[in-house]
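Student: Numbering (this note's numbering), first residue to last: 3 to 497.
Glycine residues also receive a C-beta, built at the ideal position from the N, C-alpha and C atoms.
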């Protein structure tokens, strides 16, 4: 009996020591920022632990005495044994009450220390992550990139003419503006990255798992949202703007060099008149809109009547199915990790085989090259186009949901409808596309995603030409046919 009670006491002591150690480890980090508060919290932990040790020692002594009484009670009959056992039970219950009380106090201390740790990583004015949290996030991003090539983009954002604003309206108004800017950044960018107050009127956003091209459109929309917003303070209303600089982590980068390149891009935005964005692509600084803006789809005539579709090689920048499949797989892993959406598009050249039978192999090549040219003309820098199979092109659209993919598909199909091939080169005058788009589901793999899209393309091509279908699961919905593109309100939901 004595051994069992002692073992139980030691287990309880171990559990409480675990509380103390966990609190101590958390406190060690936070103590750097507020040593006085953390010192007091640690002292309370030591007091609780010391009290538990004393209670256990006292309990052990009482149990030893009761054990000796049990030996004497064995000679005095059952009634005396029951009385001593009753004392043992009462002693154990008292120890349990003391341990429960100590555990409750330790729980409270652990929660308080956790709160202090959170405060140590939070900017008190804006309630954003502070410079300490930023440094930790950058360190993790650099290590992740070196370990598994996980991309990270960094944005540096600075409020324009903030010192002049502070001098004119006072620091309370400046603080209010910083708080409002922080709210806009949180609303627009927090779902995609860690928003931090870097210092003063400068903010930093760490887009872990995203390239600069993937973050670019979000950044520009956020900058424009700040410029369009009216800020208020004590009845006065203000309009402010921000300048930004974006950079992407490179193989040779550490945290300091990435910040330096983002700062260089920010400097170019300031130098270019403020209220604009630039990015550093690793070699030079250029306007951020170059990374994401959608280019209009030109006709072949607009691309130049001198283009010889029979001889010009448009395969540059067009990957193979294997490379495309690997990129889709990588995007799916990013989607599971960060929730970033993307869509895929397959476009079948209608009557592709008939062109060869009727006009020869040169006509097939020319039609394929014309379709490829239209894809390359309309895709963004971040998009990925590939020759999926003979007569079928594929397009990966990062950051694009199903609605955006439908719009891209209809632009491509409409461009093909407008396209007229020069008859002096080969007999076909025009060609059309049948397109299927789907938004990636994070629970499927790349092969499953592309298989269901390809099967939908096969089915759509057999049912007619010059159509666009949106794929939700295994259900296809017609969203465009011929010269008609159905409005979003006219089609059933795929959700």
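(1) Please classify residue 408: does DSSP put it in a helix, a strand, or coil?
(2) From residue 463 to residue 453, what distance separates their C-alpha atoms?
(3) CB residue 441 to CB residue 404, shorter than 7 Å?
(4) Look up residue 482 in the DSSP assignment and say whether it is helix, strand or coil.
(5) Check whether the Cβ atoms of residue 179 and residue 346 sit closer than 7 Å, and answer yes or no.
(6) For the pair the segment 214-227 and the segment 154-172, tell me if three or more CB-CB distances fall below 8 Å.
(7) Suppose the cutoff is 8 Å on Cβ atoms and the five residues either side in sequence are ignored; what does the same chain contact list for residue 447 look like?
(8) Per DSSP, what kind of secondary structure is residue 451 in: helix, strand or coil?
(9) If you measure between the beta carbons of residue 417 and residue 375, is that distance less than 7 Å?
(10) I'd like to confirm the pairing. Which residues does DSSP put opposite residue 92 in its beta bridges?
(11) Using only alpha-carbon positions, find the residue among 177, 344, 356, 328 that is nearest to residue 390.
(12) Let me know the secondary structure DSSP gives residue 444 once reduced to three states.
(13) Using the Cα positions of residue 194 and residue 95, report the straight-line distance between them to the nearest angstrom.
(14) Please list, in chain order, all residues of the same chain as residue 128 whose beta carbon is under 7 Å from its beta carbon, the five residues on each side excluded.
(15) Between 443, 414, 235, which has its C-alpha nearest residue 342's C-alpha?
(16) How far does the alpha helix (DSSP H) with residue 174 in it reach, from first residue to last?
(17) If you count every other CB in all the chains shown that lies within 10 Å of the CB of residue 273, and 16 or more means buried, which is it?
(18) Look at the alpha carbon of residue 283 and the alpha carbon of residue 266, and state the distance between them as a whole number of angstroms.
(19) Relative to the alpha-carbon of residue 204, which residue among 355, 398, 132, 321 has its alpha-carbon at the smallest distance?
(20) Could you round the C-beta distance between residue 248 and residue 214 to whole angstroms and report it? I think they count as a contact, below 8 Å.
(21) If I measure Cβ to Cβ from residue 137 and keep anything under 8 Å in the same chain, skipping five residues before and after, which residues do I get?
(22) If you draw a straight line from the C-alpha of residue 162 to the C-alpha of residue 467, how long is it?
(23) Between the C-alpha atoms of residue 245 and residue 275, what's the straight-line distance to the nearest angstrom?
(24) Which of helix, strand or coil does DSSP assign to residue 160?
(25) Are the CB atoms of residue 435 and residue 420 within a distance shorter than 7 Å?
(26) Taking the C-alpha atoms as reference points, what is the distance between residue 370 and residue 432?
Tutor: Working from what's here:
(1) Secondary structure at residue 408: helix, using DSSP grouped into helix, strand and coil.
(2) Distance between the alpha carbons of residue 463 and residue 453: 15 Å.
(3) It is a contact, given that the beta carbons lie within the stated cut-off.
(4) Reduced to three states, the DSSP call for residue 482 is strand.
(5) No, the pair does not count as a contact, with Cβ atoms beyond the cut-off.
(6) Yes, they touch.
(7) Counting only Cβ-Cβ distances below 8 Å, and skipping sequence neighbours, we find 331, 334.
(8) Residue 451 carries a helical assignment under DSSP once its states are collapsed to helix, strand and coil.
(9) No.
(10) Residue pairing of residue 92 in beta bridges, as defined by DSSP: absent, with no partner found.
(11) Checking every option, the nearest Cα to that of residue 390 belongs to 328.
(12) Here residue 444 sits in coil by DSSP.
(13) A straight-line Cα-Cα distance of about 53 Å links residue 194 and residue 95.
(14) Exclusion of the five residues before and after residue 128 leaves 180, 181, 184, 199 as the residues of its chain whose Cβ lies within less than 7 Å of its Cβ.
(15) The shortest Cα separation from residue 342 among 443, 414, 235 belongs to 443.
(16) For residue 174, the enclosing alpha helix (DSSP H) begins and ends at 173-191.
(17) Label assigned to residue 273: exposed.
(18) Computed Cα separation, rounded: 11 Å.
(19) Checking every option, the nearest Cα to that of residue 204 belongs to 132.
(20) Indeed they touch by this definition, with Cβ atoms about 5 Å apart.
(21) The beta carbon of residue 137 sits closer than 8 Å to those of 257, all from its chain and outside the five residues before and after it, given in chain order.
(22) If you take the alpha carbons of residue 162 and residue 467, they lie about 53 Å apart.
(23) Distance between residue 245 and residue 275, taken at the CA atoms: about 9 Å.
(24) Here residue 160 sits in strand by DSSP.
(25) In this structure, residue 435 does not lie closer than 7 Å to residue 420 by Cβ.
(26) Those two C-alpha atoms are separated by around 12 Å.
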